[in-house]
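Here the protein sequences line up with chains A and B, keeping their order. Residue numbers for the first sequence, in the working numbering: 3 to 206. Residue numbers for the second sequence, in the working numbering: 41 to 413.
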Amino acid sequence: MSLTVALSKGKLLSGTRDLFRRAGLPFPDGETRRLVVPVGGLRFLFVKDGDVPTYVEYGVADCGIAGRDVLLEAGSDVFEPLDLGFGRCRLVVARPAGAAPASVASTVRVATKYPKVAARHFLGRGVSVEVVSLAGSVEIAPGLGLADCIVDVVETGRTLRENGLVEVEDVAESSARLVVNRASFHAQRAAVKGLVETLERALR
Amino acid sequence: MNGAHRLAQIPAGVQCFVGEEARRRRRIEETAIGVFEGWDYEEIIPPLFDYADVFTSESLSARTYSFVGRDGSVLALRPDFTSLLAKIAAGRLRDRPTPIRLYYSGEVVRYEPPKAGRQSELFQMGLEHLGGDSRTADAEVLTIAAECLDRLGVSGFVLTLGHVGVFTGLLEGSDLEPARLEDLRDRVEAKDAQGIRRALSGVDLPQDRRDALERLAALAGGSDVLLDAAEVVADCPAAAEALGQLRTVWEALDRAGLGSCLAVDLGEVRGLDYYTGLVFRVFAPGLGFEVGGGGRYDTLLGRFGRPLPAVGFMLGLDRVALLLARQKGEPAPPPEPVHPVADADLGSALAEARSKREKGVRVRLDKHDGGDP
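Written as structure tokens, this is what we have:
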């Protein structure tokens with residue numbers, strides 16, 4: 003039985019394509035607009051990056067590639083057997099440069115695309131938190147008075163600097179992960195094992 | 041007031057089954073019960089609620105519907121059967137000789153964010169083997185699980201066997217604080233070797249134990265994994281003992297002809313507050329999550345004053361129904377002939393219907409449509 007692989011067309015796509023090529027695995031060509039693409043014994047699903055863990059957890063896809071940041075937020079019950087190394091970034095708390103430290107206010111108001119991760123981070127440290135959940139452009143929230151700080155991913159830190167923000171705390175590190183459905187892992191052991199080992203060899 | 045619209049709306053997580061769907065579920069239940077009875081298990085119908093203290097599993101406590109009784113005591117709707125059965129076995133059945141074999145079939149109620157195969161009301165069919173020789177009981181329960189799946193017509197199912205003692209054995213003497221342990225457990229469960237290494241950084245543990253824990257991530261697959269595992273735990277007596285128990289059960293099942301549906305998964309480390317030995321889950325092609333599972337819990341009955349080793353297993357009826365629908369499609373209902381009965385005189389119609397019923401005929405009472413005034 004052939005495997006179904008869930009991918010996102012977001013920032014992990016080029017790294018994923020490179021890895022699959024290096025591993026000698028099939029990969030859909032060019033700019034197809036199709037969302038379900040069978041190629042050489044694999045079936046690829048292109049979905050929104052935050053949805054990859056969901057497709058894999060339900061077993062609609064046997065495997066998928068998702069950032070650890072997305073997995074942390076989704077909290078999905080999937081196997082994560084491989085760190086693929088690309089798409090490295092960090093989840094951090096950032097606040098306006100020169101702003102008073104968090105301890106001044108009893109409750110931190112944080113704007114983020116990662117509401118669960120942000121809440122867990124502050125509550126885990128005993129800090130009261132109000133999470134303002136946004137879909138994007140999180141960096142502008144503190145400057146406009148929507149929040150005291152943000153929890154977001156940084157790669158180079160440029161976006162933060164341009165919006166007058168500085169990192170104050172690390173929340174988590176992230177990189178692309180191979181995720182595998184728990185039932186597929188066992189019920190399609192040979193195919194899954196083959197894919198994991200092929201990718202692992204390409205990573206060495 | 042928003043009361044009126046609730047008369048049409050339903051609360052999240054509840055289900056209702058009608059006609060063929062209900063019949064299909066009943067057939068699944070009857071099949072499972074037939075197998076349980078066939079292995080000489082006795083049915084137990086436990087209460088729907090009990091004191092909340094009875095249900096102490098940490099993973100369930102946040103998901104239990106509890107309420108205050110008239111006398112001020114805290115009560116809970118049963119979130120699982122095992123605790124109730126343990127209480128009854130230690131209490132009302134305390135003079136029963138062991139082993140005690142009990143089965144149940146019914147609903148449990150949990151707060152669950154609605155997901156596929158996971159409603160707030162879950163229908164579980166399962167059994168508990170209390171007392172008696174542990175390896176024999178483990179093997180018996182797994183054999184029964186396989187027979188249930190066979191008779192239900194599930195194809196390609198896999199029983200994944202693990203043993204929490206391998207994980208806890210490797211951690212012996214490490215004194216991990218609960219939050220770190222939970223983080224580590226989560227990474228082992230995710231088979232994330234790098235994550236395991238990170239979770240162990242700064243923990244006081246010899247290097248060989250760290251390496252072994254990291255390798256747990258890869259110890260899942262066929263019987264060859266048992267050999268790899270033996271090497272990994274060779275220097276850790278507690279973990280080696282646990283693995284030995286798993287192997288004994290595996291070999292017995294293999295000799296009994298079940299080898300082809302077995303898998304090893306030493307990364308199965310859920311419910312550490314509850315399971316003490318062998319743990320297993322059932323997977324099958326067509327469903328992305330387990331159909332059921334079980335394991336050994338040797339400390340639970342002691343809480344109720346009758347320390348007995350115990351092992352149990354459970355199938356989720358909702359999940360079996362979903363799996364069978366995906367594997368076999370929606371089977372057409374068997375055509376059962378219905379005999380309409382109608383007579384201008386209601387008494388005669390009923391008399392005719394009764395006489396047909398006596399012969400076991402399926403009847404439908406219709407209103408006579410000719411010549412009624």
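Just so you know, even glycine gets a beta-carbon here, dropped at the ideal spot from N, CA and C. Computed from a prediction, not measured in an experiment: that's the story for all the values here.
- Taking the Cα positions, L93(A) is about 17 Å away from D150(A).
- Y91(B): member of the beta strand (DSSP E) spanning F89 to Y91, first to last residue.
- For the 8 Å CB-CB criterion, V156(A) and V119(A) do not form a contact.
- With 16 or more other Cβ atoms inside 10 Å of its own Cβ, F197(B) counts as buried.
- Counting the other CB atoms within 10 Å of its CB gives H169(B) a total of 16 or more, which places it among the buried residues.
- Within the same chain, no Cβ atom closer than 7 Å to the Cβ of G369(B) is found once the five residues on either side in sequence are excluded.
- Residue range S174 to L192 is occupied by the alpha helix (DSSP H) that includes C188(B).
- Contacts with chain B (Cβ-Cβ distance below 9 Å) from the segment 172 to 194 of chain A involve E175, R179, V181, V182, N183, R184, A185, S186, F187, H188, A189, Q190 and R191, listed in chain order.
- DSSP places R110(B) in no beta strand (DSSP E); its state is neither H nor E.
- E59(A) carries a helical assignment under DSSP once its states are collapsed to helix, strand and coil.
- Taking F76(B) as the centre and dropping the five residues before and after it, the same chain places the C-beta of Y143 and L167 closer than 6 Å to its C-beta, in chain order.
- Interface annotation for the segment 60 to 72 of chain A against chain B: Y60, G61 and V62, criterion Cβ-Cβ distance under 8 Å.
- The alpha-carbon of K399(B) is positioned some 19 Å away from that of G387(B).
- Rounded to the nearest whole angstrom, the C-alpha separation of S139(A) and G12(A) is 16 Å.
- Below the 8 Å Cβ cutoff, chain A contributes no neighbours of D264(B), its closest Cβ being approximately 11 Å away.
- Leaving aside the five residues that flank T122(B) on each side, the residues in its chain whose CB is nearer than 6 Å to its CB run, in chain order, G352.
- Less than 8 Å divides the Cβ of V304(B) from the Cβ of L259(B).
- Ranking S97(B), S101(B) and A92(B) by CA distance to the CA of G109(B) puts A92(B) first.
- Scanning E70(B), S160(B), E308(B) and V58(B) for the CA closest to the CA of L318(B) turns up E308(B).
- Interface with chain A (8 Å Cβ-Cβ cutoff): L298(B) is excluded.
- Inclusion of G261(B) and K50(A) in the CB contact set at 8 Å is not warranted, their separation being larger than that value.
- Ranked by Cα distance from D338(B), the options G332(B), V331(B) and R346(B) are led by R346(B).
- Checking the DSSP bridge columns, you'll see Q164(B) partnered with G146(B) and G356(B).
- If you check the CB distance, S135(A) and T114(A) come in under 8 Å.
- Boundaries of the beta strand (DSSP E) harbouring F81(A): F81 to D85, taken from the DSSP string.
- When P28(A), R206(A) and L74(A) are compared, the shortest CA-CA separation from P117(A) is found for L74(A).
- Note on geometry: alpha-carbon atoms of Q190(A) and T176(B) lie some 30 Å from one another.
- Distance from the Cα of R238(B) is smallest, within the candidate group L224(B), R397(B) and C301(B), for L224(B).
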